[in-house]
Amino acid sequence: MRDPMRLAVVIPCLNEARTIAAVIAEAKQGLLACGAALESSEIVVADNGSTDGSQALASAAGARVVAVPVRGYGAALHWGMAHADADFVIFGDADMSYDFTLLPRFVEASRDRTYDLVLGTRLGGEIQPGAMPFLNRHLGTPVLNLVIRACFGFRTTDCNSGMRLVRRDFYRSLNMRCPGMEWASELLIKTAVRHGSYREVPIRLRPDQRGRPPHMRRWRDGWRHLKSIAMLAPNRVLLLPAALLAAGSVLAWHDRPGLAATGVTFAYLIVLMGLGIKLLLHLDGVRPSKVVGAMVRLRMAETGVVVSLALLGASAALFAGFGSLAWGESAAALLAMAGGATLLEVLFLETVRTHLVSDLQAAWTDAGAATGDRVRA
Ligand SMILES: Nc1nc2c(ncn2[C@@H]2O[C@H](COP(=O)(O)OP(=O)(O)O)[C@@H](O)[C@H]2O)c(=O)[nH]1
Ligand SMILES: [Mg+2]
């Protein structure tokens, strides 16, 4: 890592008057322990509209307070990162649960090599008695760890950890979207998808000191994590199962034709939906895909219409030839369904493509820059 390393501590805060000053004091201690090279570091408190005076307490304790206009843990950190004047950001909660005197571990880990993300692992470190609910520790987090590994081939021991070091430019490139707690999963997954460099350091989790229940709600937030993971993995969550379903249905065709036809139909719908999601992720720059890139270049809409007309034509021909036979009727119906679904998909994808990206978008930015130049001249 470059020396001196410009580091900021970002602390998300929503009504933490009881602990915020102590957390900032501990963060200062941690920064000092990191050595003189860090003298240019700052502490940013990203406040989400606290109504208990946390902001004034944070300023008095020496932090810079950023007022975050969007609700949510992820939004708070996102704003904090955007406003931090630093190359690297370490973040952790405002409730004394994370031990900021361990900051040197993160900096040490990055001594010889710059990492995009260094995660403080509680499950691979120390969890003090009463610091983490039993279900979160033994069910929620391990299951989400496994899901992330299955979907992205990415190994983490603590996907929900709230203490991490991030390279700010890398973070900025990730196009983050989730404002809530699921931001934590999104950050890990996008690091995996972008092949960001990653490592973990053990940390200590303490019981929080705020004397009231956490903002986090186990089932709601767990579900949101799961959703954000699934949405970013269309290949493994949709396309792979669709291929297996289609193969199974074809094998079962002879003995269970009705079931098999339904299976193939459903597999085709899953593929169409998977392609739609892949297109969105491609256009958003999250998961650039060669297949989707080719689809867009190859006049997706026109190709789609030709394919669907071909399917509908084949269906009509089959019906005319073999419609009197049971299998002929089923096969013709199946082809007609596929043709219709393809047409609907084309309409949907074209709408998404046209409204999400347009060459016209840059005009006002360019004009703004140009008028700005004129004013200055
Ligand atoms: N959940 C939540 N936390 C926020 C928000 N804004 C800031 N935070 C801070 O984010 C940190 C994590 O929240 P916490 O309730 O401790 O979640 P937990 O550690 O997962 O139980 C705390 O420091 C909160 O004060 C918000 O809108 N929602
Ligand atoms: Mg907490």
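When you number the sequence shown by this note's numbering, it's gap-free, plus one each residue, and the end is 399.
Even glycine gets a Cβ: it sits at the ideal position worked out from N, Cα and C.
Quantities reported herein were computed from a predicted structural model and do not represent experimental measurements.
Which full runs of the alpha helix (DSSP H) of 4+ residues lie inside the region 268-316, going along the chain?
-> Taken in chain order, the whole alpha helix (DSSP H) runs of length 4 or more contained in the region 268-316 are 279-305.
In terms of alpha-carbon separation, which member of His304, Gly350, Arg226 and Thr373 lies closest to lysine 212?
-> Ranking the options by Cα distance to lysine 212, first place goes to His304.
Since valine 400 is in the beta strand (DSSP E), which residue starts that stretch and which ends it?
-> Coverage of the chain is limited to positions 23 through 399, which leaves residue 400 absent and any answer about it impossible.
Residues of its chain near threonine 41, where Cβ-Cβ distance is below 8 Å and the 5 sequence neighbours each way are ignored = Ala116, Asp117, Met118, Asp230, Gln231 and Arg232, listed in sequence order.
Taking valine 129 as the reference, give the member of Gly57, Trp241 and Thr287 with the closest Cα.
-> Taking only the C-alpha atoms, the option nearest valine 129 is Gly57.
Complete runs of the beta strand (DSSP E) confined to the region 210-269 [at least 3 residues] | As far as the region 210-269 is concerned, its whole beta strand (DSSP E) runs of at least 3 residues are 220-227.
For the region 280-287 against the region 202-219, are there 3 or more C-beta pairs whose distance is under 8 Å?
-> Contact fails: fewer than three Cβ-Cβ distances are below 8 Å.
Buried or exposed: which applies to histidine 100, given that a residue is buried once 16 or more other Cβ atoms fall within 10 Å of its Cβ?
-> By the 10 Å Cβ count, histidine 100 comes out buried.
Can you tell me the Cα-Cα spacing of leucine 36 and proline 164, whole angstroms?
-> One alpha carbon belongs to leucine 36, the other to proline 164, and they sit about 27 Å apart.
Return the chain-ordered ranges of every beta strand (DSSP E) run that is complete within the region 104-164 and spans a minimum of 3 residues.
-> Taking only runs of at least 3 residues, the beta strand (DSSP E) segments lying wholly in the region 104-164 are 110-113 and 139-149.
Where does aspartate 319 fall in DSSP's three states?
-> Looking at the sequence provided, one finds arginine at residue 319 rather than aspartate. It is helical.
Considering only the beta carbon of each residue, do valine 140 and valine 32 sit closer than 8 Å?
-> Inclusion of valine 140 and valine 32 in the CB contact set at 8 Å is not warranted, their separation being larger than that value.
Taking 7 Å as the cut-off, is the CB of leucine 36 close to at least one heavy atom of ligand 1?
-> For leucine 36, the shortest separation between its Cβ and any heavy atom of ligand 1 lies below 7 Å.
Examine ligand 1 and report whether any of its heavy atoms sits within less than 7 Å of the Cβ of histidine 105.
-> Outside the cutoff, so no.
Which full runs of the beta strand (DSSP E) of 3+ residues lie inside the region 174-205, going along the chain?
-> Inside the region 174-205, DSSP marks whole beta strand (DSSP E) runs of 3 or more residues at positions 186-189, from first to last along the chain.
Kindly list the residues whose CB is nearer than 8 Å to the CB of leucine 302, restricted to its own chain and excluding five residues on each side of it in sequence; keep chain order.
-> Excluding residues within five positions, the ones whose Cβ falls inside 8 Å are Val374 and Leu378.
Report the three-state DSSP secondary structure of arginine 28 (helix, strand or coil).
-> Arginine 28: coil per DSSP, three-state reduction.
Stretch-stretch touch, CB-based, cutoff 8 Å, three pairs: the region 290-300 with the region 251-268 | Judged by pairs of C-beta atoms under 8 Å, the region 290-300 touches the region 251-268, as three or more such pairs exist.
N- and C-terminal bounds of the beta strand (DSSP E) containing valine 66 | Run containing valine 66: 64-69, per the beta strand (DSSP E) assignment.
What separation, rounded to the nearest whole angstrom, lies between the Cα atoms of alanine 360 and methionine 154?
-> Computed Cα separation, rounded: 50 Å.
May I have the straight-line CA-CA distance separating phenylalanine 344 from leucine 209, to the nearest angstrom?
-> Between phenylalanine 344 and leucine 209, the C-alpha separation is close to 55 Å.
Taking glycine 94 as the reference, give the member of Ala354, Val327, Phe370 and His237 with the closest Cα.
-> When the alpha-carbon of glycine 94 is set against those of Ala354, Val327, Phe370 and His237, the nearest one is in His237.
So, using beta-carbon positions, are arginine 242 and methionine 103 closer together than 8 Å?
-> No, these two residues do not count as a Cβ contact at 8 Å.
Give the C-beta separation of leucine 227 and isoleucine 170 to the nearest angstrom, bearing in mind that I take them to be a contact with Cβ-Cβ under 8 Å.
-> In fact, because the Cβ distance is near 20 Å, the residues do not count as touching under 8 Å.
Quick one: is proline 310 buried, meaning 16 or more other Cβ sit within 10 Å of its Cβ, or exposed?
-> Classification for proline 310: exposed.
Figure out for me which residue from Asp74, Gln77, Thr325 and Ser337 has the closest Cα to the Cα of glutamate 372.
-> The shortest C-alpha separation from glutamate 372 is found at Thr325.
Regarding tyrosine 95 and ligand 1, is the C-beta to nearest heavy atom distance less than 7 Å?
-> Taken from the Cβ of tyrosine 95, at least one heavy atom of ligand 1 lies inside 7 Å.
Cutoff 6 Å; reference leucine 196; Cβ partners in own chain excluding five residues on either side | Once the five neighbours on either side are set aside, the close Cβ partners of leucine 196 are Lys212.
Closest by C-alpha distance to phenylalanine 192, when choosing among Met27, Ala363, Ser219 and Pro34 | Per the Cα distances, Ser219.
Hey, would you say the C-beta of glycine 184 is under 7 Å away from at least one heavy atom of ligand 2?
-> Indeed, a heavy atom of ligand 2 lies less than 7 Å from the Cβ.
Roughly how many angstroms separate the alpha carbons of glycine 270 and lysine 312, rounded to a whole number?
-> In a straight line, the C-alpha of glycine 270 is about 28 Å away from that of lysine 312.
Sheet register partners of isoleucine 33 (DSSP bridge) = Answer is Val67, bridged to isoleucine 33.
So, is alanine 49 buried or exposed, given that buried needs 16 or more other C-beta atoms within 10 angstroms?
-> With 16 or more neighbouring CB atoms inside 10 Å of its own CB, alanine 49 falls in the buried class.
Work out the CA separation of aspartate 107 and serine 250 for me, nearest whole Å.
-> Their Cα atoms are separated by approximately 29 Å.
Grab the span of the alpha helix (DSSP H) containing valine 45 for me, first residue to last.
-> Valine 45 -> alpha helix (DSSP H) spans 42-55.
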